[in-house]
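Visitor: According to this note's numbering, the sequence shown is numbered sequentially starting from 2.
Virtual Cβ for every residue (Gly too), placed ideally from N, Cα, C.
Every value quoted in this text rests on a predicted model; they were computed, and no experiment measured them.
Before I ask anything, let me first share the structure, which is written out below as structure tokens.
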Amino acid sequence: VQLQASGGGLVSAGGSLRLSCEASGFIFKFNSMGWSRQAPGKERELVAKITSDGTTSYVDSVKGRFTISRDNVRRRLFLQMNSLNADDTAVYYCTRTGTSDTPDYWGRGTQVTVSS
2 VQLQASGGGL VSAGGSLRLS CEASGFIFKF NSMGWSRQAP GKERELVAKI
52 TSDGTTSYVD SVKGRFTISR DNVRRRLFLQ MNSLNADDTA VYYCTRTGTS
102 DTPDYWGRGT QVTVSS
């Protein structure tokens, strides 16, 4: 399983970024996928998840600002992040959801830094 995230960077508060993840090594369309993040000094948290049929869920802190989506043909996962604030600064990871409904594979993360 390989998950390669990209699209991170430095953005001003209120700005937007779109993260992408290219997946390989498994049948992408059959798996729920997610985006997790880890901020300095904090535990890793799952912020958005999308099931194989496209049902989405979000942690409260990003609801209404982040949108997760997927392209099963191209085997890609996306995270559109709007109205970013300093609390969104973290390393973001693309994850595959395992049978326990929690992430079982993590890709190499991409840094998102929001300047206030």
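Could you tell me how far apart the beta carbons of F27 and R97 are, in whole angstroms, since I believe they sit closer than 8 angstroms?
Guide: The C-beta separation of F27 from R97 comes to about 7 angstroms, placing the pair in contact by the 8 angstroms criterion.
Visitor: Rounded to whole angstroms, what's the CA-CA distance from L11 to T52? Just pull it up for me.
Guide: Our two residues, L11 and T52, have alpha carbons roughly 29 angstroms apart in a direct line.
Visitor: Taking only three categories from DSSP, how would you classify V2?
Guide: coil
Visitor: Is it right to say N32 is buried, meaning 16 or more other beta carbons lie within 10 angstroms of its own, or is it exposed?
Guide: buried
Visitor: Considering only their Cβ atoms, is the gap separating S21 from S7 smaller than 7 angstroms?
Guide: One thing to note: S7 has its Cβ within 7 angstroms of the Cβ of S21.
Visitor: Would you decide whether P41 is buried or exposed? Buried here means 16 or more other CB atoms lie within 10 Å of its CB.
Guide: exposed
Visitor: Can you check whether the C-beta of R109 is within less than 7 angstroms of a C-beta belonging to chain B?
Guide: Any reference to chain B falls outside this structure, which holds one protein chain only.
Visitor: Please name the residue in S70, A49, T56 and N73 whose C-alpha comes closest to that of S62.
Guide: A49
Visitor: Are the beta-carbon atoms of V115 and D89 separated by less than 7 angstroms?
Guide: Yes. Within cutoff.
Visitor: State the Cα-Cα distance for the pair N86 and S117, rounded to the nearest angstrom.
Guide: Whole-angstrom Cα-Cα distance: 7 angstroms.
Visitor: I believe Y106 touches L4 by the beta-carbon criterion, under 8 angstroms. Please report the beta-carbon distance rounded to the nearest angstrom.
Guide: 6 angstroms
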